[in-house]
Each structure stands twice: as structure tokens, then as C-alpha cells.
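Residue numbers (the working numbering), protein chains in the order written: chain A, 82 to 295; chain B, 82 to 295. Data block below; observations after.
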DNA sequence: AATCCCATGTAAAACGTTACATGATTCT
DNA sequence: AGAATCATGTAACGTTTTACATGGGATT
């Protein structure tokens with residue numbers, strides 16, 4: 082009969098108005114004092130949002146901005162009045178602020194974090210790889226993470242001059258800093274695990290998984 | 082008009098064969114001894130892959146399996162020979178194993194991990210929320226994470242009886258265990274930050290956003 | 001007998017990225 | 001003058017989810 086099982090409950094309203102998280106994230110960027118262009122938003126997302134909630138492609142930011150404006154959650158104005166591709170600055174409206182507040186304040190759970198870690202995918206498949214190569218990948222990952230850590234610390238330093246409205250973003254950045262520190266430690270511990278594994282079960286010739294043909 | 086523009090450079094081969102990571106993840110599930118159905122794959126992904134690399138929807142798993150079979154990377158057979166929707170079990174082929182090994186061993190970098198953390202998104206927007214609500218969300222997150230931690234530890238216990246081919250998945254699970262422990266600590270530290278923030282900058286009357294009805 | 005879990009799939013829609021196109025302004 | 005960066009947008013494509021459809025087997 083009807084969908085899953087039989088009952089088919091309406092799946093309790095996506096809540097908050099049904100917009101995807103990305104739309105709320107973009108509206109959130111707009112919720113801080115000042116107006117800004119899509120381009121500026123993208124740079125800001127790269128420098129902060131990205132550490133705890135990924136940075137959408139620039140084309141998607143423009144698309145979300147248009148949608149937010151159509152919904153009345155944002156307004157835009159041009160710098161040079163008439164030109165077709167002139168700079169366009171967006172600002173949040175009172176309606177937008179209310180909608181965002183209701184989204185942030187309502188849905189009690191927010192859902193679990195989603196992590197896509199390509200390195201772990203490779204480690205998980207380690208039985209198909211040369212052990213040395215794996216450890217190399219982990220080392221590269223540690224180096225990259227240290228670089229990101231530096232970026233976050235720079236952002237945090239710049240946030241020192243922050244006022245009122247910026248204290249929560251600062252909490253988020255502090256969380257990101259600790260998160261990256263832990264990411265480094267995690268990778269180092271995994272490196273140890275991989276080395277131990279290389280010593281205990283030295284399967285250079287074995288690879289018995291691979292040699293059963295058909 | 083052969084499509085996009087004029088220059089049309091070929092974008093240096095997506096490498097490894099051009100399949101999306103999801104396809105490799107599904108093939109990876111198949112790369113461990115034994116054959117299994119899409120349904121079983123989904124359950125397994127929920128129980129382990131999900132902790133470091135998200136679990137695709139069941140419909141996508143079926144789609145990927147068909148694609149892998151079309152590519153010759155997997156074969157399938159039915160249990161009850163003739164029925165149209167009978168159970169179908171998949172197994173990796175030698176070609177599939179070779180392709181997977183080459184994917185895992187080639188692309189040097191693997192790309193940075195992507196984290197989408199809805200809770201942090203809300204904390205970041207904390208200036209729009211009642212402080213108590215925020216702390217409640219964090220507390221719920223801690224509780225859920227502890228639950229996941231228990232799941233991983235169970236999986237790890239079950240993996241105790243593991244042989245050869247399962248040692249790398251075990252490393253990945255151990256990483257996940259530590260990751261979740263750290264997630265709890267991170268959330269607890271953030272809770273402290275939020276409380277400190279409530280004491281230092283007590284903006285109770287501000288909140289102009291929340292009490293406009295409509 | 002009804003209900004749940006197993007099991008497989010299709011169709012449509014939403015989401016998101018890449019590539020392309022275009023032009024202004026700023027740096028060298 | 002040429003290059004880089006600012007700035008906005010469209011088109012096409014691939015991915016991924018949701019909802020729907022269907023039915024067998026086991027449990028209560």
C-alpha cells in the first residue's frame with residue numbers, strides 16, 4: 082500500500098520553514114552587523130564557517146541569496162545603480178531575522194554531525210594498500226591539519242577586537258581550534274596503531290585476500 | 082555547439098577512474114571476505130562506515146551496486162533463481178579489487194575531511210537564541226554522542242574475534258572511538274565557554290528578535 | 001490476521017559542484 | 001598594457017535523498 086510500512090506519517094514538517102541548512106547558514110552570515118556581497122560572504126565562509134560547517138560553492142551562495150530575497154528574508158541594493166553586473170550588497174530583513182531565530186531556537190535536536198573523512202576511508206581499506214603509503218597519507222594529513230590550525234588561530238586573533246554580536250562566533254572558532262588540535266592527536270595515535278600493526282602482523286607475502294582468483 | 086564554452090580544457094582526469102567516493106566505499110564494503118546483499122551492506126555501513134564516512138541511503142547503495150556490476154567490478158547472483166525481486170548477493174571481482182587497490186594507493190592526497198556540524202551552526206548563531214536553549218542543545222548532543230560511543234565500543238568488542246583482513250577496519254573503529262571521546266570533551270569545554278559568556282556579557286533584555294510574534 | 005522486518009527497486013526532486021561567460025577594477 | 005583579482009551570474013551535470021511501490025517471511 083502506501084509508503085513505508087502502512088502508516089505513512091507526514092514526517093513531521095521539515096520544521097523551521099523547510100529550507101536546507103545551507104540557506105540558514107547563508108542567512109546566518111547575513112545576520113551579523115553590516116551588509117555584504119556574495120563574494121565577501123564566500124570569503125568569510127572559507128575563513129570561518131568552513132571549520133565546523135563546510136563552505137558552499139560561490140554559485141550556490143548566489144543562488145541562496147536570490148532565494149532568500151524572494152522569500153523576503155533579505156534585501157539587496159546595487160552600488161552603481163544601473164549596470165547589469167554591478168556589485169550587489171545584501172542585508173537581512175526583520176522577517177529574515179525572525180525566521181532565522183525561530184529556526185535556531187526551534188528544532189530541538191539539530192541532528193547528528195556528519196563527517197566525511199577520506200583518509201579514514203583509505204585506512205579502513207588498508208588491506209589493499211602498501212603500509213608505507215598509508216603512513217605517508219596520515220603524515221600529510223597531519224601537516225595539512227596543522228596548517229588549518231594556524232588559520233583558525235589567526236582568525237581567533239583577529240576576533241580579539243570583537244564586540245557583542247561576535248562572541249558566539251568566537252565560541253565556535255574556539256571549538257574549531259580544539260577540534261583541530263584533537264584531529265592532530267587522533268592522527269598521531271592512528272599512526273602508532275598502524276606501525277604496531279605492521280610489526281605484529283607483517284603480511285608482506287601473505288595478502289591471502291588477494292590471491293583467491295575467482 | 083558542443084556544450085560548454087570554447088576553451089574546454091579536459092580537467093585533468095578525476096583520477097583513479099572517476100567514480101565518486103561513495104562508489105569506492107561500497108566496493109570497499111564488498112572487498113572484505115564474503116558476499117552480501119544491498120540490505121546487509123546498508124546495515125554494515127550504519128554500524129561502522131558511518132562513524133568516519135557517512136552511510137549512503139539504501140536506494141543509493143542499490144544504484145551503486147548496479148553501476149559496479151556494469152563496470153565489471155562486482156558480480157551478483159540470486160538465491161531463489163527465478164523470482165523478480167529475490168535476494169541478490171554481490172561479490173567483488175578481481176578487476177574490482179584491482180581498481181579499488183589502485184584508487185586507494187594512487188591519489189596522494191585524498192582531500193581534507195568535511196565536517197557538517199548542525200550544533201555548531203546553532204552555537205555560531207547564538208546571538209539569536211536564548212542562552213539556556215543553547216546549553217540544552219549541547220547537553221543533548223553530549224548524550225547522543227555517548228550513545229554512539231557505546232555503539233562503536235560494541236562494534237570493537239565484536240571485532241575482537243577478527244582475523245587478518247579485519248585489522249584495518251579495527252584501526253578505523255579505534256580512531257572513531259577516540260574521535261567520539263574527544264567530541265564529548267569538546268562539547269563539555271564549549272558548555273563552559275557558553276556559561277562564562279552568560280556571566281560576562283549578560284544580554285537578557287536585548288533579545289529583540291524573539292518576541293515579535295506574527 | 002495484522003504487523004514488523006526483510007528485500008528490491010523506480011521516479012522525481014532537491015542539492016551542490018564544475019565549467020563557462022563576462023566585464024570592472026586594481027596591481028605591476 | 002597585461003595580469004590578477006573582484007564580482008556576478010547561467011547551464012549542465014552528477015549526486016543523493018525522499019517518497020512510492022511491491023511483496024515474502026517471521027512474529028505476535
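Yeah, the Cβ is synthetic: ideal placement off N, Cα and C, and Gly gets one too.
Fewer than three beta-carbon pairs drawn from the stretch 256-271 of chain B and the stretch 213-226 of chain A are found closer than 8 Å, and the two stretches are therefore not classed as touching.
Contact with chain A is found for residue 112/B, since one of that chain's Cβ atoms lies less than 8 Å from the residue's Cβ.
Under the 8 Å criterion on CB atoms, residue 180/B is classed as non-interfacial with respect to chain A. With its beta carbon less than 8 Å from one in chain A, residue 197/B belongs to the interface. Just so you know, the alpha carbons of residue 203/A and residue 264/B end up roughly 22 Å apart. Residue 155/B: member of the beta strand (DSSP E) spanning 155-159, first to last residue. Membership of residue 168/B in any beta strand (DSSP E) is not indicated, and neither H nor E is assigned to it by DSSP. Pairing residue 169/B with residue 159/B gives a Cβ-Cβ distance under 8 Å. Within 7 Å of the CB of residue 193/A, the CB atoms of chain B belong to 225, in sequence order along the chain. Cβ contact annotation for residue 157/A (same chain, cutoff 8 Å, sequence separation greater than five): 146, 150, 169, 170, 171 and 172, in chain order. Secondary structure of residue 100/B (DSSP, three-state): coil.
Between residue 205/A and residue 253/B, the beta carbon gap of about 4 Å places them in contact (Cβ cut-off 8 Å). Within the stretch 123-142 of chain A, the residues whose Cβ lies closer than 7 Å to some Cβ of chain B are 133, 134 and 135, listed in chain order.
Assigned with DSSP and collapsed to three states, residue 118/A falls in strand. Taking 7 Å as the cut-off between beta carbons, the residues of the stretch 200-231 of chain B near chain A are 200, 201, 202, 203, 204, 205, 206, 207, 208, 209, 210, 211, 214, 218, 221 and 225, in sequence order. With a 10 Å radius around the Cβ and a threshold of 16 neighbouring Cβ atoms, residue 241/B comes out exposed.
Taking 8 Å as the CB threshold, residue 170/A stays off the interface with chain B. Considering only 133/A, 132/A and 137/A, the residue with the shortest C-alpha distance to residue 121/A is 137/A. Of the candidates 124/B, 214/B and 196/B, the residue whose Cα lies closest to the Cα of residue 182/A is 214/B.
Counting other Cβ atoms within 10 Å of its Cβ, residue 226/A reaches 16 or more and is therefore classed as buried. Within its own chain, no residue has a Cβ closer than 6 Å to the Cβ of residue 141/A once the five positions on either side in sequence are excluded. Bounds of the beta strand (DSSP E) holding residue 196/B are 195-197. Annotated three-state conformation of residue 211/B is coil, per DSSP. Against chain A, the beta carbon of residue 261/B has no neighbour under 9 Å; the closest one sits roughly 10 Å away.
Distance from the CA atom of residue 116/B to the CA atom of residue 184/B, rounded to whole angstroms, is 21 Å. Partner residues in the beta bridge of residue 134/A, as assigned by DSSP, are 197/B. With respect to the 8 Å criterion, residue 126/B and residue 110/B are classified as neighbours on the basis of their beta carbons.
In chain order, 132, 254, 257, 258 and 261 place their CB closer than 7 Å to the CB of residue 233/A, counting only its own chain and leaving out the 5 sequence neighbours on each side. The Cβ atoms of residue 153/B and residue 176/B sit closer than 8 Å to each other.
Within its own chain, the residues whose Cβ lies closer than 7 Å to the Cβ of residue 106/A, once the five positions on either side in sequence are excluded, are 130 and 134, listed in chain order. Separation of the CB atoms of residue 197/B and residue 194/A is rounded to 6 Å, and the pair is thereby assigned contact status at 8 Å. Using beta-carbon distances, residue 279/B does not count as an interface residue toward chain A, since no partner is under 8 Å.
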